[in-house]
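Working notes, beginning with the structure itself.
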Amino acid sequence: MFPTRRLPWLAAALLLAAPAHAAGPGLVFSVRTWDGEYESRDVPGGVEATPTLGSIHAVRADGTGLTRIVAPGPGVDYPLASRNGRWVYYQAGPRGRCQVYRCRWDGSGAASLTPPDALTRQLGDADRFAVKEAFGFALSADDRRLVFTAHDGATGRVVVAGADGGSPAFLAPHLGYTYMAALNPSGDRVVFSGPARGYRLQLAALPAGRPVELTPEHGECFAPQFTPDGKTVVFVRRDGDVYRVGADGTGLKRLTEGNRYVEFRLSAKDRHGSTDGPDVSPDGKRVAFIAQADGVPNVFVADLDGGNRRRLTTRAAPCGRVKWSPDGAAVSFVSFEGKYPQLFVVPAAGGAARQLTRLDGGVNFAHWVPELP
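Residue numbers (mature numbering (1 follows the signal peptide of the UniProt record, and there is no 0)): -22 to -1, 1 to 351.
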């Protein structure tokens, strides 16, 4: 059902792109290709999907300076730049086992931070949790801590480690299957979700605080993230709308009505999709999100109390993956141009969207970089 033949990679023009960036803001992003129509479905212990090749690239905010950082490989995806400008983190799946990697901006020094066998030994779990994969990572604002999900083929657990993958330790392993972890700005608390508690948000203080439920009366909460002051958690629920709750568990508030959007999908046969949550602005005053508009997912922004909702795009093709620029002046997103989604930027105050990529491959995840090396 899922073809294994892989496509030739991107156009020669991309492979010959300039190897250096000029200073200024930009984005680091992943590009994926696949043969035929992309398909996915849930299976016991995970997801079965069309094989893909992925690579990591960077581009300036004006669409110039397109450069490849990581060459095409199985499962290469989800790039994130360290704030100190030294590293590009990403996921890759050699031999079908996803791991967290990092490399220099020129692609050198690439190394796995979560080799499964070594990670299993380091964690030393009494239940003999044998790590097969590691994914879903996030960095602390000071680049000192890394959180990710370790998976044994049937269940997952949140792991906290140093930014180089050192000193890994399970966070609340007694809970059961947890993932979707995010660190607060000061790097001393983690919010996460998972089927262990019906996808109710949990918050734990580091290094080993007992988790507290932030949404005890509300399950099916996904993609949590802290506001820049660390006082609030913003997330999406299964009903497709955006919510907020205080980091102390008070003040739960629904911010949107009728979004009807939870997952980004690469095709009509992408039955699993991937959770596509909102993004909080750098000043903590606004939130960007995707909502259905005229039957098509488009980009919206609103104040953090849900007021001043505004539609930023009027695309006829589905949009997803919103991210605020570091100065809060723009929002990046992806939207389909033919078979593949491409990368766009739209002014947060409203205006025409600019298409940054025209690639023979699909832009999947993108993150802003205040200043490209």
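Glycine included, each C-beta is placed from N, C-alpha and C at the ideal position.
{"Query": "In whole angstroms, what is the alpha-carbon distance linking A108 and K263?", "Result": "42 angstroms"}
{"Query": "For T98, which of helix, strand or coil comes out of DSSP?", "Result": "helix"}
{"Query": "Under the rule that 16 or more other beta-carbon atoms within 10 Å means buried, what is Q180, buried or exposed?", "Result": "buried"}
{"Query": "On the DSSP bridge assignment, give the partners of H152 in chain order.", "Result": "According to DSSP, H152 bridges with nothing at all."}
{"Query": "Nearest to G74 by CA position, among T28, N62, F200, is which residue?", "Result": "T28"}
{"Query": "From D130 to A112, what does the alpha carbon distance come to, in whole angstroms?", "Result": "9 angstroms"}
{"Query": "Just reading off the beta strand (DSSP E) that G306 is part of, what are its end residues?", "Result": "Where G306 is concerned, there is no enclosing beta strand (DSSP E), given that its DSSP letter is neither H nor E."}
{"Query": "How big is the Cα-Cα spacing for P52 and Y318?", "Result": "18 angstroms"}
{"Query": "On a CA-only basis, which of L97, R46, L101 is nearest A82? Give me that one, please.", "Result": "Sequence check: residue 82 is Arg here, not Ala. Selected option, being the one with the closest Cα: R46."}
{"Query": "Among the residues of its own chain, which have a CB less than 8 angstroms from the CB of E17, if the five just before and after it don't count?", "Result": "M(-22), F(-21), A27, T28, S245, K247, D248, R249"}
{"Query": "Using DSSP with H/G/I as helix, E/B as strand and the rest coil, what is A174?", "Result": "helix"}
{"Query": "In this structure, how does DSSP classify P72 when only helix, strand and coil are distinguished?", "Result": "helix"}
{"Query": "Could you tell me which uninterrupted beta strand (DSSP E) segments, each at least 3 residues in length, are contained entirely in the stretch 28 to 82, listed from first to last along the chain?", "Result": "31 to 38, 45 to 52, 55 to 59, 66 to 70, 77 to 81"}
{"Query": "Would Q270 and G236 qualify as a contact pair, given that the criterion is a beta-carbon distance under 9 angstroms?", "Result": "yes"}
{"Query": "With a threshold of 7 angstroms on Cβ separation, who are the neighbours of P348 within its own chain once the five nearest residues in sequence on each side are excluded?", "Result": "P3, P304"}
{"Query": "Between the C-alpha atoms of L101 and N286, what's the straight-line distance to the nearest angstrom?", "Result": "47 angstroms"}
{"Query": "Would you tell me roughly how many angstroms separate the C-alpha atoms of V212 and V258, rounded to the nearest one?", "Result": "8 angstroms"}
{"Query": "Candidates S86, A344, V25, F311: which alpha carbon is nearest A331's?", "Result": "F311"}
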